[in-house]
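Working notes, beginning with the structure itself.
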Amino acid sequence: MSSPIAGVLQLIALIAALALAYRPLGDYMAKVYSSEKNYAPEKWIYKVIGANPAAEMRWPAYLRGVLAFSAVSVLFLYLLQRVQGSLPGSLGFSSIDPDQAFNTAASFVANTNWQSYYGEQAMGHVVQTGGLAVQNFLSAAVGMAVAVALVRGFARSRTGELGNFWADLVRGTVRILIPISVIGAIVLVACGAIQNFSGIHQVGQFMGGTQEWNGGAVASQEAIKELGTNGGGYFNANSAHPFENPNPLSNLFEIFLILLIPFALTRTFGRMVGSLKQGYAILGAMAVIWIGFTALMMWTEFAHRGPAFEIAGGAMEGKETRFGIAGSSIFAVATTLTSTGAVNSFHSSYTGFGGGITMLGMQLGEIAPGGVGSGLYGMLIMAIIAVFIAGLMVGRTPEYLGKKIGTRQIKFAACYILITPALVLGFTAVAMALPTPGNSMTNTGAHGFSEILYAYTSGANNNGSAFAGLNADTQWFNTTIGIAMLLGRFLPIVFVLALAGSLAEQKPVPETAGTLRTDKPLYAGLLVGTILIITGLTYFPALALGPLAEGLAS
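Take 555 as the starting number for the sequence shown in our numbering and just add one per residue.
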């Protein structure tokens, strides 16, 4: 069986698994966020944090909850790293330097999981499990809560209330993320991933020196790393490491976890707004982009150019032989079209066009299907933009889900889509203009530029993957990428919640013969076209200097 055929079969199996889980999980999440019942463990949590889960919040209060909780999380994770050397279970590792501790704290709280350190050489068991793994759950739950608040903005009318942030946070964690992660960890252990708290073991000689391996609670962290679209690996090699991702079966299962919640949330959206067809339209747009990018990536990496590719069967540089080109390509697209950032191969070693595809996936806004929560609210913002464009073409006030899209709503949506490009292009331009950041580039020319462009694209879009040739463990990159991660996460949330509040205050607009049907394939096509055009106009000059120039020169 040829590798391309094997890749197609893997893709079919993945789509089938996602289709089977789509309806029950989507409906279950809708019930979770619509329920008024609180379980005993949840009541204990509310009592400890002093929250009233029944109290409704308007968007400023909801936003204050998001920002306050995230600020405390950053501070806690920063301090935990700074005192690591004094903690039990540190495996002898010293405390983390201030700039790297800030970068890592910002990264994991922002659901980015950018890592400028070697996990197995820097973080002990306490920081890994009590700090990083905990934030894998909580940052994902924050994203889901914000998405649900926006959905309530569409579903409700004549009120500015969007639910309760603390209730959404706790329910998302306790009822959704933890149960699925437990099952996922068991599956990964069965596949061969490790799960222990052992220390550092010497396993023999390697190139004249002693080779050492850490143990760790890897399977449990790997499960939420993928399920929560986090991406931070226990080991530096991330999901290319056999302790994290042992074989092709575990590889396919990890891709399934990455895509599971983001796709299922479209049904949750449809169920909560009272129209499953609206959810299917969003799902269709996401699926078209994801399948198209996956097919393009596999075609690019399988293309034979020169004797080396002919012998290897394709572009095997930087890829694990146990996954091959197909398994690596599917994983790379899934992780960059979501805010995951996990890698089972090294994107810097992809062909010029292949590396550009991973970069473009992030620059779309990671909305196909995107991160847990962030993918849905990002796609709904683009849906509003698409409705607005359609309204301009026919001279009619745009409407979406019975809500008028006026000047205020478009301003919020426009600010949302402008923030990330401004961060990416601004920081990239400054880094290229200054002499010191350029010293971190392993390569020169187009590929060297791509390393820096990819780093800020990944940070500002809360992805976390990297072109591995860049030495990002410097004060400049730790600080600027940390700032980009925080601004790229929380500034968009401000406008999402403000938009949700403005929508919830409106009274519903009755549907007429002139209303644009946003539950039809025509609208889904318009949505896909809007996303591609906006992204192309924004990033094409930068892409032309990097991956496109490299691809055309090869």
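Each residue gets a CB set at the ideal place from its N, CA and C atoms; glycine is no exception.
No experiment lies behind these values; they were computed from the predicted model shown.
Of the residues the options, the one placed nearest residue i, counting alpha carbons only
i, options, result
"residue 624", "697, 683, 567", "697"
"residue 1069", "942, 974, 1106, 1015", "942"
"residue 566", "939, 1039, 848", "848"
"residue 604", "1025, 720, 568", "720"
"residue 1053", "677, 709, 636, 680", "709"
"residue 829", "1071, 573, 562", "1071"
"residue 895", "672, 773, 913", "913"
"residue 1086", "921, 854, 1048", "921"
"residue 1064", "956, 936, 810", "956"
"residue 1104", "1055, 967, 1000, 1066", "1000"
"residue 646", "677, 659, 668", "677"
"residue 857", "880, 876, 838", "880"
"residue 568", "771, 809, 611", "809"
"residue 963", "1048, 1020, 984, 594", "1048"
"residue 562", "764, 878, 997, 1009", "878"
"residue 754", "770, 951, 740", "770"
Burial state of residue i, where buried means 16 or more other Cβ atoms lie within 10 Å
i, result
"residue 729", "buried"
"residue 598", "exposed"
"residue 902", "buried"
"residue 589", "exposed"
"residue 748", "buried"
"residue 756", "exposed"
"residue 736", "exposed"
"residue 816", "buried"
"residue 1109", "In the structure as shown, the chain starts at 555 and stops at 1108, and residue 1109 therefore has no counterpart that could be examined."
"residue 570", "exposed"
"residue 662", "buried"
"residue 672", "exposed"
"residue 934", "buried"
"residue 990", "exposed"
"residue 742", "buried"
"residue 564", "buried"
"residue 751", "exposed"
"residue 559", "exposed"
"residue 977", "buried"
"residue 606", "exposed"
"residue 591", "exposed"
"residue 585", "exposed"
"residue 555", "Caution applies to residue 555, whose pLDDT of 41 falls short of 50 and renders its modelled position unreliable; the model cannot decide the point."
"residue 650", "buried"
Sub-8 Å separation of residue i and residue j beta-carbons
i, j, result
"residue 1014", "residue 1042", "yes"
"residue 510", "residue 973", "Shown here, the chain extends from 555 to 1108; a query on residue 510 therefore has no answer."
"residue 826", "residue 705", "yes"
"residue 887", "residue 794", "no"
"residue 732", "residue 797", "no"
"residue 1081", "residue 813", "no"
"residue 1094", "residue 670", "no"
"residue 850", "residue 1089", "no"
"residue 1038", "residue 994", "no"
"residue 904", "residue 872", "yes"
"residue 1040", "residue 664", "yes"
"residue 982", "residue 1096", "yes"
"residue 852", "residue 883", "yes"
"residue 773", "residue 811", "no"
"residue 680", "residue 641", "yes"
"residue 554", "residue 622", "The requested residue 554 does not occur in the structure, where the chain is confined to residues 555 to 1108."
"residue 1084", "residue 936", "yes"
"residue 668", "residue 1012", "yes"
"residue 577", "residue 714", "no"
Supposed close pair residue i, residue j - CB separation, criterion 8 Å
i, j, result
"residue 820", "residue 925", "14 Å between Cβ atoms; not a contact."
"residue 675", "residue 788", "In fact, because the Cβ distance is near 12 Å, the residues do not count as touching under 8 Å."
"residue 609", "residue 768", "Contact doesn't hold; Cβ gap of about 45 Å is too wide."
"residue 1023", "residue 700", "No, residue 1023 and residue 700 are not in contact; Cβ-Cβ is about 34 Å, not under 8 Å."
"residue 786", "residue 1018", "7 Å"
"residue 716", "residue 929", "With a Cβ gap of about 19 Å, residue 716 and residue 929 do not count as contacting."
"residue 818", "residue 1078", "Not a contact, Cβ separation roughly 18 Å."
"residue 971", "residue 1010", "Contact doesn't hold; Cβ gap of about 17 Å is too wide."
"residue 975", "residue 1092", "5 Å"
"residue 923", "residue 840", "5 Å"
Any chain C beta carbon closer than 8 Å to residue i
i, result
"residue 1087", "Going by chain labels, chain C is absent from the structure shown, which holds only one protein chain."
- Message: Is it the case that the stretch 612-622 contacts the stretch 655-674, given that we only count it when at least three CB pairs across the two stretches are under 8 Å?
- Response: They do not touch, by the three-pair rule.
- Query: Three or more C-beta pairs closer than 8 Å, one from the stretch 624-638 and one from the stretch 998-1010: is that the case here?
  - Reply: The stretch 624-638 vs the stretch 998-1010: no contact.
- Please confirm if the stretch 789-807 is in contact with the stretch 938-948, defined as three or more CB-CB distances below 8 Å between the two stretches. no
- Task: Please confirm if the stretch 1055-1066 is in contact with the stretch 906-918, defined as three or more CB-CB distances below 8 Å between the two stretches.
- Result: no
- Query: Is there contact between the stretch 687-701 and the stretch 711-730, where contact requires at least three CB pairs shorter than 8 Å?
  - Reply: yes
- Message: Below 8 Å, how does it come out for the stretch 885-893 and the stretch 829-848: are there three or more Cβ pairs, yes or no?
- Response: yes
- Message: Across the stretch 635-654 and the stretch 1073-1084, are there enough close Cβ pairs to call them in contact, namely three or more that are closer than 8 Å?
- Response: Two segments are said to touch when three or more pairs of C-beta atoms, one from each, lie closer than 8 Å; by this definition the stretch 635-654 does not touch the stretch 1073-1084.
- Are there three or more Cβ pairs, one per stretch, closer than 8 Å when the stretch 672-689 is compared with the stretch 805-814? Inter-segment contact for the stretch 672-689 and the stretch 805-814 is absent: fewer than three beta-carbon pairs are separated by less than 8 Å.
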